[in-house]
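In what follows, a structure is listed as structure tokens, so that the remarks can point back to it.
Number of protein chains: 2
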Amino acid sequence: MNVQSEAKAPVSGRLGADLLLDSLYEGGARICFANPGTTELGLVSALARDGRLRCVLSLFEGVCTGAADGYARVSGQVPLTLLHLGPGFANGIANLHNARRAGSRIINLIGDHATWHLAYDAPLTSDIVSLAQPVSRQVISLAKPDAIADDVRQAFAATNLAEGGAATLIFPTDVVDAPAPDNGNTVGFVPYQLTSVGDDRIKSAVAALSEPGETIVLLGGSALTEAGIRAGAALAAALGGRLLMEPYPGIVTLGGDLPKVERQAYFPDDVIAQMGDARVVLAGARMPISYFGYEGWSSQLVPDERLVRLAAPGEDAVAALVALASQVGGEPAPAPAPMEAVCSPEADAALTPVSVVEELLVQLPQDAVISLEGSTLGGPWLRNAHRAKRHRVMTNTGGAIGQGLPCAVGAALAQPDARIVALQSDGSAQYTLQSLWTMAREGLKVTIIIAANHRYAILQTELNRAEVPLDDKIVADLTKLDSPKVDWVALAKGYGVEAIRATTNGELSAALRHGLTLDGPLLIQAELP
Amino acid sequence: MNVQSEAKAPVSGRLGADLLLDSLYEGGARICFANPGTTELGLVSALARDGRLRCVLSLFEGVCTGAADGYARVSGQVPLTLLHLGPGFANGIANLHNARRAGSRIINLIGDHATWHLAYDAPLTSDIVSLAQPVSRQVISLAKPDAIADDVRQAFAATNLAEGGAATLIFPTDVVDAPAPDNGNTVGFVPYQLTSVGDDRIKSAVAALSEPGETIVLLGGSALTEAGIRAGAALAAALGGRLLMEPYPGIVTLGGDLPKVERQAYFPDDVIAQMGDARVVLAGARMPISYFGYEGWSSQLVPDERLVRLAAPGEDAVAALVALASQVGGEPAPAPAPMEAVCSPEADAALTPVSVVEELLVQLPQDAVISLEGSTLGGPWLRNAHRAKRHRVMTNTGGAIGQGLPCAVGAALAQPDARIVALQSDGSAQYTLQSLWTMAREGLKVTIIIAANHRYAILQTELNRAEVPLDDKIVADLTKLDSPKVDWVALAKGYGVEAIRATTNGELSAALRHGLTLDGPLLIQAELP
Numbered sequence: 002m003n004v005q006s007e008a009k010a011p012v013s014g015r016l017g018a019d020l021l022l023d024s025l026y027e028g029g030a031r032i033c034f035a036n037p038g039t040t041e042l043g044l045v046s047a048l049a050r051d052g053r054l055r056c057v058l059s060l061f062e063g064v065c066t067g068a069a070d071g072y073a074r075v076s077g078q079v080p081l082t083l084l085h086l087g088p089g090f091a092n093g094i095a096n097l098h099n100a101r102r103a104g105s106r107i108i109n110l111i112g113d114h115a116t117w118h119l120a121y122d123a124p125l126t127s128d129i130v131s132l133a134q135p136v137s138r139q140v141i142s143l144a145k146p147d148a149i150a151d152d153v154r155q156a157f158a159a160t161n162l163a164e165g166g167a168a169t170l171i172f173p174t175d176v177v178d179a180p181a182p183d184n185g186n187t188v189g190f191v192p193y194q195l196t197s198v199g200d201d202r203i204k205s206a207v208a209a210l211s212e213p214g215e216t217i218v219l220l221g222g223s224a225l226t227e228a229g230i231r232a233g234a235a236l237a238a239a240l241g242g243r244l245l246m247e248p249y250p251g252i253v254t255l256g257g258d259l260p261k262v263e264r265q266a267y268f269p270d271d272v273i274a275q276m277g278d279a280r281v282v283l284a285g286a287r288m289p290i291s292y293f294g295y296e297g298w299s300s301q302l303v304p305d306e307r308l309v310r311l312a313a314p315g316e317d318a319v320a321a322l323v324a325l326a327s328q329v330g331g332e333p334a335p336a337p338a339p340m341e342a343v344c345s346p347e348a349d350a351a352l353t354p355v356s357v358v359e360e361l362l363v364q365l366p367q368d369a370v371i372s373l374e375g376s377t378l379g380g381p382w383l384r385n386a387h388r389a390k391r392h393r394v395m396t397n398t399g400g401a402i403g404q405g406l407p408c409a410v411g412a413a414l415a416q417p418d419a420r421i422v423a424l425q426s427d428g429s430a431q432y433t434l435q436s437l438w439t440m441a442r443e444g445l446k447v448t449i450i451i452a453a454n455h456r457y458a459i460l461q462t463e464l465n466r467a468e469v470p471l472d473d474k475i476v477a478d479l480t481k482l483d484s485p486k487v488d489w490v491a492l493a494k495g496y497g498v499e500a501i502r503a504t505t506n507g508e509l510s511a512a513l514r515h516g517l518t519l520d521g522p523l524l525i526q527a528e529l530p
Numbered sequence: 002m003n004v005q006s007e008a009k010a011p012v013s014g015r016l017g018a019d020l021l022l023d024s025l026y027e028g029g030a031r032i033c034f035a036n037p038g039t040t041e042l043g044l045v046s047a048l049a050r051d052g053r054l055r056c057v058l059s060l061f062e063g064v065c066t067g068a069a070d071g072y073a074r075v076s077g078q079v080p081l082t083l084l085h086l087g088p089g090f091a092n093g094i095a096n097l098h099n100a101r102r103a104g105s106r107i108i109n110l111i112g113d114h115a116t117w118h119l120a121y122d123a124p125l126t127s128d129i130v131s132l133a134q135p136v137s138r139q140v141i142s143l144a145k146p147d148a149i150a151d152d153v154r155q156a157f158a159a160t161n162l163a164e165g166g167a168a169t170l171i172f173p174t175d176v177v178d179a180p181a182p183d184n185g186n187t188v189g190f191v192p193y194q195l196t197s198v199g200d201d202r203i204k205s206a207v208a209a210l211s212e213p214g215e216t217i218v219l220l221g222g223s224a225l226t227e228a229g230i231r232a233g234a235a236l237a238a239a240l241g242g243r244l245l246m247e248p249y250p251g252i253v254t255l256g257g258d259l260p261k262v263e264r265q266a267y268f269p270d271d272v273i274a275q276m277g278d279a280r281v282v283l284a285g286a287r288m289p290i291s292y293f294g295y296e297g298w299s300s301q302l303v304p305d306e307r308l309v310r311l312a313a314p315g316e317d318a319v320a321a322l323v324a325l326a327s328q329v330g331g332e333p334a335p336a337p338a339p340m341e342a343v344c345s346p347e348a349d350a351a352l353t354p355v356s357v358v359e360e361l362l363v364q365l366p367q368d369a370v371i372s373l374e375g376s377t378l379g380g381p382w383l384r385n386a387h388r389a390k391r392h393r394v395m396t397n398t399g400g401a402i403g404q405g406l407p408c409a410v411g412a413a414l415a416q417p418d419a420r421i422v423a424l425q426s427d428g429s430a431q432y433t434l435q436s437l438w439t440m441a442r443e444g445l446k447v448t449i450i451i452a453a454n455h456r457y458a459i460l461q462t463e464l465n466r467a468e469v470p471l472d473d474k475i476v477a478d479l480t481k482l483d484s485p486k487v488d489w490v491a492l493a494k495g496y497g498v499e500a501i502r503a504t505t506n507g508e509l510s511a512a513l514r515h516g517l518t519l520d521g522p523l524l525i526q527a528e529l530p
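Those protein sequence lines, which keep their order, are chains P and R.
The numbering used here applies: residue 2 is where the first sequence begins, and numbers increase by one.
The numbering used here applies: residue 2 is where the second sequence begins, and numbers increase by one.
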């Protein structure tokens, strides 16, 4: 065995890492959310040589993947993540799970040991493919420099599958450190396209809707744009029906003169009551199911015979809605909804979730993007969003908590002119609080409202429904967060983010006015019951 | 389709969840590091009914798994983790990767949707098995209440395999919510046993060592106890050889009158220089390999013909060392090593990594446990630990960063009378800083020294070796953490942990004196160059 061989002469010229970056750039990538380690340093050097990709460092991988998700949702472009081996990638899985549910197009870059080193099972060796598959449309291990452009093309193709989602490229250090061909195949930019809905689907829907009965138009995915909501409203109006949206949209446009869109309820009994006996037109939305499986309640909440499957997620729901509305006699452009009046709640009163939302309805600037996580503020906001100026809302699509703050980071980088507002429950904010550092570092215009009720409210709601006493010591130990109460103002300060604690409506109003004009982040700890 | 069925009458009597806890308790589990969600509430209720297991809540799953690892290393017992579905589990993977490398025996409990709900691909559905396999000796999905005791027995058996490691039990809500047999099979407590090394192995070693040549005794795993180190020292003395330990021990006993144990170096060139032409007796240690694969350097750093394979990890290395030492004429009990004098560094001088270590050498109390993460303080400590009072050190076994603080949590719960000291680099501390909250909540006697150099020092070291300029903007952006500098005192305050910033040796000395007498946690931000 040759224990020590001569170190190779430094390679001049183009390496695999350079070809990888060229190919990604050509495919459309412009930003890289990174938390690199030793195996990624070859790519870090190449990023420095290249200089075209914006590199955003985070202190934790879940921030990188959640930021990539937010960036993809707001921009529709394909961001990169750069993560360190299996364990580093694993820290980013939760937010990639949400990204998969949102159909966000992302390419993950994961460094791995040199191929010849893997057999030695070094400390950081792990089965990266097994970890990556559950959150990737495709996992590709780069095997040789000559094939890198092909591999990248395949990754973009995977993210362009109908429902979007991430593709994962694993790059062994020896492959990206090796000389690469100067004339690597070109990748070519392939824009994302929704799949068209055929005429037969429209005809079937027309036939189904010609039967007597109530109708609900359930919007989801690509239908949740201004055009989709107007087309859906036209269809609902033509049928005398109601307009609903899926419970957890990736991104939805709301407010201004757009019609109100009712949100699908959460608990199965509430969904069943909400749906009544109506037939449900699925326009970009999946059929209504129960979020969790509850004994005594079916998973599927609307039977097959009442479902009108117009457009699946990943299909062009807007075009399908327009076509269907025109055939059932819908007005192409229904009258704009008049704005309801909004006014600030009483200044001296203690904050409640509803009063926080009322104040934000007053102050939210035009074209803001809201990153919403948790039901404490999320529920009341989505019941009232039609009363705000035109804005977009991102919600937690996959239920993996710790999405809200990173998604706000990504949104701010995707749309630097917009104001980003994070409406964030305190429990879920803890999973990726390191986002605050990246907000400060990048000077992002994010205004965060932490709903500080110091408990896992959703778990208490579920336990109440199951008639489990909340004051049992062990139950309380596992659901209450009040010993000690987290001081979010101190945490924000720790990361260089200005912060204010608010207990009354007046305090919140002043803090929000300050935050919404700052050229950087502000965190407001809203103390709630 | 029956959309709404009658809710079942509440079940009285014993449920699957109760049988699960009974079986786990019988097998030896006494503590549960938990971050539950809705699918785990059946188990939370059962934990409340049972009342025998200590439940420790953390704000992030990586804290749960790292704390379980620390608990297992210090106690040798089998702790539980309770985590929420695939994404919640994913957040705990990084520290389970380290636990696998440490051979820590852990049982993970992961809730899943009801079996009949999985086909509907609800938002939180994911391939938990694919996520869990890379960090589990065995993954078992509970299929029916009658088999739960068998499943638990199998999980304990998997953790008892020679090298230890975690077993993972996935429990669908309908299985643990269903009535369970009162007379479930009993699990029985099976203590962990190392595999004995046969006489033939001792004989081979004697033969190999009878040849002329230098000898290194390389200790690892089970050999890193007081008995193992003394036996290793006796063997080395008899052969006129040197005593080394593996570079990243799970837990090692050091200091007091124990002989100094040199640590295996990190970079391949340093290891090769350190090993020279010696033959290397592997006693509980794996053979020396390179941590990463570097072009021009072999992975294996000592050729096969110079390896004397006495005891593999998971084998009884102490007994093998004692037997071998006696056959080559080693003294059974070499003279205790005399303690070297230690004294505080100059009070007014600015802190350096070495001065931090010197002060801790003076103050570290007897039988403390050090949780060590990062090379800034870890390197100098392990070079000098023989000069401290008797203590134990846990290191980062798998290279997944974010281990140090959670391991300190687990150590403190495993040994409440001991003082726990976390020597922690600032970059890696960020991955699981939520540990601070659990330390405050549980009043743990943990004294943390954060090595605040505001950069990824290890990456800068690697880049320097590769001759990549550190001041390139993108390189600096991805390796420097000084914009903004994290204020650890503020972060600690946010979690209810007292904290002090130290810039001189005198300040550190005073802070440490205060921290080591507190009946709870203290964080010291040590500002380093």
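Every residue, glycine too, gets a C-beta built ideally from N, C-alpha and C.
Since this is a predicted model, take the numbers as computed values, not measurements.
Under 8 Å between C-beta atoms of S308/R and V281/R: It is worth fixing the name first, because residue 308/R is Leu in this sequence and not Ser. For L308/R and V281/R, yes; Cβs fall inside 8 Å.
Simplified DSSP assignment, three categories, for A144/R: Reduced to three states, the DSSP call for A144/R is coil.
CB contact check: P260/R to chain P, cutoff 8 Å: No, because no Cβ of chain P sits closer than 8 Å to the Cβ of P260/R.
C33/P, buried or exposed, once every other Cβ within 10 Å from all chains shown has been counted against 16: buried
Distance, E468/P Cα to P11/R Cα: For P11/R, the predicted model reports a pLDDT of 44, less than 50, meaning its position is unreliable; a value from the coordinates is still stated below. One C-alpha to the other measures close to 10 Å.
Sufficient close CB pairs (3 or more, under 8 Å) joining the region 157 to 172 of chain R to the region 133 to 146 of chain R: These segments touch.
Residues that L60/P contacts on chain R, provided the C-beta gap is smaller than 7 Å: Q431
Backbone CA spacing between D151/P and F90/R [nearest angstrom]: Whole-angstrom Cα-Cα distance: 34 Å.
When K494/R, D200/R and G277/R are compared against M440/R, the one with the closest alpha-carbon: K494/R
DSSP three-state assignment for K486/P, whether helix, strand or coil: coil
Contact between the region 401 to 416 of chain P and the region 281 to 295 of chain P (3+ Cβ pairs under 8 Å): no
Distance between A503/P and H515/P (C-alpha atoms, nearest Å): A503/P has its alpha-carbon roughly 13 Å from the corresponding atom of H515/P.
Residue of F61/R, G112/R and D175/R minimising C-alpha distance to Y537/P: Chain P is shown only over 2 to 530; residue 537/P falls outside these bounds and no answer can be derived.
Cross-chain neighbours of N92/P in chain R, by beta carbon under 9 Å: G63, A91, N92, I94, A95, A401, G403 and Y432
Residue from K481/P, P80/P and A239/P with nearest C-alpha to Y457/P: K481/P
C-beta contact flag for D215/R and D278/R at 8 Å: A small correction: the amino acid at residue 215/R is Glu; Asp does not occupy that position in the sequence shown. Closer than 8 Å, so yes.
When S327/P, I402/P, E443/P and I450/P are compared against L532/R, the one with the closest alpha-carbon: The structure shown has nothing for residue 532/R, since chain R only spans 2 to 530.
L464/R: contacting residues in chain P (beta-carbon distance under 9 Å): L42, V45 and S46
Three or more C-beta pairs below 8 Å linking the region 368 to 388 of chain R and the region 24 to 39 of chain R: no
Per-residue burial, T518/P [other beta carbons within 10 Å of its own, 16 or more giving buried]: Answer is exposed; the Cβ neighbour count stays below 16.
Nonlocal neighbours in the same chain, by C-beta distance under 6 Å from A389/P, ignoring five residues either side: G256, L362 and L365
Inter-stretch contact at 8 Å, needing at least 3 Cβ pairs: the region 416 to 435 of chain R / the region 446 to 460 of chain R: When C-beta atoms of the region 416 to 435 of chain R are compared with those of the region 446 to 460 of chain R, three or more pairs fall below 8 Å, so the two segments count as touching.
Neighbour flag for L125/R against chain P, beta carbons, 8 Å: Yes, L125/R lies at the interface with chain P (some Cβ there is under 8 Å from its Cβ).
Proximal residues of chain R, C-beta to C-beta of S105/P below 8 Å: Neighbours of S105/P on chain R: none; closest Cβ ~14 Å, over 8 Å.
Coil, strand or helix - K204/P by DSSP: helix
Any chain P beta carbon closer than 8 Å to Q461/R: no
From T82/R, Q461/R and A350/R, residue whose alpha carbon lies closest to that of N510/R: Before going further, note that residue 510/R is Ser rather than Asn in the sequence given. Closest in C-alpha terms to S510/R, from the list T82/R, Q461/R and A350/R, comes A350/R.
Residues within the region 15 to 30 of chain P neighbouring chain R, beta-carbon criterion of under 7 Å: Residues: none.
Contact check, P346/R vs E360/R, beta carbons under 8 Å: Yes, these two residues count as a Cβ contact at 8 Å.
Contact set between L479/R and chain P, taken where Cβ atoms lie within less than 7 Å: A35, P37, V45, C56 and L58
Validate contact between the region 106 to 121 of chain R and the region 68 to 83 of chain R using beta carbons, cut 8 Å, 3 pairs: yes
Whole-angstrom C-beta distance between V207/P and L325/P, which should lie under 8 Å: 7 Å
Contact residues within the region 491 to 521 of chain P, judged by C-beta distance below 7 Å to chain R: A491, L492, K494, G495, Y496 and G497
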